[in-house]
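Peer 1: Numbering (the numbering used here), first residue to last: 48 to 145.
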């Protein structure tokens, strides 16, 4: 089975940038203990406050287990992030070709 990548892309309100980065750090720490995925966040070069969360699972099975392992802490932190977002959030899932 191929790897799975989930990207979550959005822009953050300029006045909420500091709060956003603090919450992302908490989310990174939380996901560091998740055995099914690696989690990272990137800012678009040349476009301040435009971010992408990248979740990488080593297989479709691992991705499904990650989805099932989401807990209250992750839900709360994700809800906090949503408060800082301006405009639409774009979700894209990629599956590795064979």
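For every residue, glycine included, the Cβ atom is placed at its ideal position computed from N, Cα and C.
With a threshold of 6 Å on Cβ separation, who are the neighbours of residue 110 within its own chain once the five nearest residues in sequence on each side are excluded?
Peer 2: Counting from 1 along the chain shown, the entry for residue 110 is found at position 63. Counting only Cβ-Cβ distances below 6 Å, and skipping sequence neighbours, we find 51 and 104.
Peer 1: Taking the alpha carbon of residue 95 as the reference point, which residue from 143, 125 and 63 has its own alpha carbon closest?
Peer 2: For the purposes of this step, residue 95 is taken as the residue at position 48 of the chain shown. The residue with the shortest Cα to Cα distance from residue 95 is 63.
Peer 1: State the DSSP-derived secondary structure class of residue 29, mapped to helix, strand or coil.
Peer 2: The question about residue 29 has no answer here: the residues shown for the chain are numbered 48 through 145.
Peer 1: Going by DSSP in three states, residue 116 sits in which element: helix, strand or coil?
Peer 2: Start at 1 with the first residue of the chain shown, and residue 116 comes out as number 69. Helix.
Peer 1: Given a threshold of 16 other Cβ atoms within 10 Å of its Cβ, counted over all protein chains shown, does residue 138 qualify as buried or as exposed?
Peer 2: Position 91 of the chain shown, counted from the first residue, corresponds to residue 138. Classification for residue 138: exposed.
Peer 1: Terminal residues of the continuous beta strand (DSSP E) containing residue 99?
Peer 2: Along the chain shown, one-based indexing puts residue 99 at 52. It spans 97-104 - the beta strand (DSSP E) in which residue 99 sits, taken as one unbroken run.
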